[in-house]
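The structure under discussion appears below in the form of structure tokens.
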Amino acid sequence: MAEGATIQQSEGSVWGGGRQPFGADYGKLMMWFFLLSDALTFSGFLTAMGMYRYKYEDTWPIAENVFTHFPFVHGEAPLLYVALMTFILILSSVTMVMAVSAGHNMNKKGVILWLALTIVGGFFFVGSQAWEWYHFIMGDKGSVKLENNTVVYVSNTEGKIVSLNELILGEPKEHGSHAHFKTEAMRKAFKTKEEYTLLYPGKTREMIPRAEALKMIDKATVIHGANLKENEYGNVLFGDFFFFVTGFHGTHVFSGVVINIVILINVIIGTYERRGHYEMVEKVGLYWHFVDLVWVFVFTFFYLV
Amino acid sequence: MAHHNPNLPSEHHESPEGIWWIWKVFIILLVVTTVEVVLGIIKPEILLVSFMGTSLLNVIFIVLTLVKAFYIVAEFMHLKFERKNLIWTISLPVLILIPYLTFILLTEGGYMMKLMQ
């Protein structure tokens, strides 16, 4: 591989400067240390979520009941959208490696092309996340909040989750409809329709017998969508962690895009050409791959496990 | 110290020639993600047996995630080709602290659930 810059390391004393104990320059080394600390921050968030998930096992939502939308697809398509997001991010990681590789060859045009594609991928990802948040916030089926703040789904007696739309209007919810129902309407419909009961959202999939559910329903309220105080999918902490962790990751992606743009401008005006090497691209590349790395874990622990 | 250049580049470490290895890693990441998504959608009954405190399927997901993480860090972030002291400086804190934190927090969470019952 053609080496852009071959500046010889001066043979000073170990503490006299001019030497690289790690064989990496100051900026690259500090980027690694920053990423190390950031990795520990993210692992703090994810393990904290794991702790509460273990604690509230029976009310912790199952991801496939939460993230079911895909653009232009009617009906339920769990996991597919987030798989697409993962694909976009991995692809933008690949274009970033291409940019770094072009930089090693002092190929300015190549760096511009691949870095620009990386930025496009980053924007697609951030946009997808906005779409995902929108559907999470608007809600899907709607559910019922009991007097003790536990959120449960309406289900039929086989344990299949039923939307409030189906309970009250008798027909499955139309895709994209965000009708909001009043608590009174829900209570009235629940009492008259014998075939429905209540179901805990967690993986235990425990059903509340109808006789008991009828006693609870008079103090229960309708809940649509999600915010930091309550969400229709189950335990309130699930929504809090979702907003916080994916939000924190999305902020990383966004700042990564901004940094990439700054570097791209510098590439275009020839800053690194004059400097004699494109190591700056390599440093932002590290950051960008880290964002991809974190997403791999967020994907697993929010959507798969 | 003859002339210390603040923009001295890092020494270049051996990485494979050309760009074929980039596509190799991409294919691996793609295949692993596809396997995860397919397993996540069909959730085979046979993999839902209890294993290591969770289901076997979840253990498979976590192992596949670690495989992906390895390829991203080692190949894309080029850590595999750095000096040994840098490799260990970055990976040891992560490899020690994160499993430790995971272990204590999940144990604590399980205990709190038992207390509530």
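Residue numbers (our numbering), protein chains in the order written: chain B, 1 to 305; chain G, 306 to 422.
Glycine included, C-beta positions come from ideal geometry on N, C-alpha and C.
Who are the neighbours of Thr86(B) on chain G, taking C-beta pairs under 7 Å?
Per Cβ cutoff of 7 Å: Thr338.
I need the boundaries of the beta strand (DSSP E) containing Val154(B), first residue and last residue.
Segment 151 to 156, the beta strand (DSSP E) holding Val154(B).
Hey, Leu115(B) and Val258(B) are a contact pair by Cβ (cut 8 Å); roughly how many whole angstroms apart?
Actually they do not touch by this definition, with Cβ atoms about 13 Å apart.
Under 9 Å between C-beta atoms, does Val354(G) make it to chain B?
No, because no Cβ of chain B sits closer than 9 Å to the Cβ of Val354(G).
I'd like the list of long-range same chain contacts for Thr168(B), defined as Cβ closer than 7 Å, with 5 residues on each side in sequence excluded.
In the sequence as presented, Thr is not what sits at residue 168(B); that position holds Ile. Correct list, in chain order: Phe181, Ala185, Met186, Ala189.
Verify whether the separation of the beta carbon atoms of Thr197(B) and Ser155(B) is less than 9 Å.
Yes, the pair counts as a contact, with Cβ atoms nearer than the cut-off.
Compute the Euclidean distance between the alpha carbons of Thr221(B) and Val236(B), then round it to the nearest angstrom.
Roughly 15 Å separates the two Cα atoms.
Please tell me whether Leu199(B) and Ile223(B) are closer than 9 Å, where the distance is taken between their beta carbons.
No, these two residues do not count as a Cβ contact at 9 Å.
Inspect the beta-carbon positions of Gly142(B) and Glu57(B) and report whether they are closer than 9 Å.
Contact flag unset, no.
So, is the C-beta of Gly44(B) closer than 9 Å to a C-beta in chain G?
Taking Cβ atoms only, chain G reaches closer than 9 Å to Gly44(B), which makes this a yes.
Interface residues of chain B around Pro398(G) at Cβ under 7 Å?
Those are Leu36, listed as they occur along chain B.
Using a Cβ cut-off of 7 Å, pull out every chain G residue sitting near Lys219(B), in sequence order please.
Correct list: empty, because the minimum Cβ distance to chain G is about 21 Å.
Check Ser101(B) in the structure and name its three-state DSSP category.
Three-state result, Ser101(B): helix.
List in chain order: all unbroken beta strand (DSSP E) runs of 3+ residues lying wholly within the region 191 to 250 of chain B.
Complete beta strand (DSSP E) runs here, min 3: 196 to 199, 221 to 223.
How about Ala39(B) and Ile403(G): do their beta carbons lie closer than 9 Å?
Yes. Within cutoff.
Whole angstroms are fine: how far does the CA of Phe375(G) sit from the CA of Arg19(B)?
Roughly 29 Å between the two C-alpha positions.
Check for me: the alpha helix (DSSP H) holding Lys28(B) runs from which residue to which?
Note, Lys28(B): alpha helix (DSSP H), 26 to 55.
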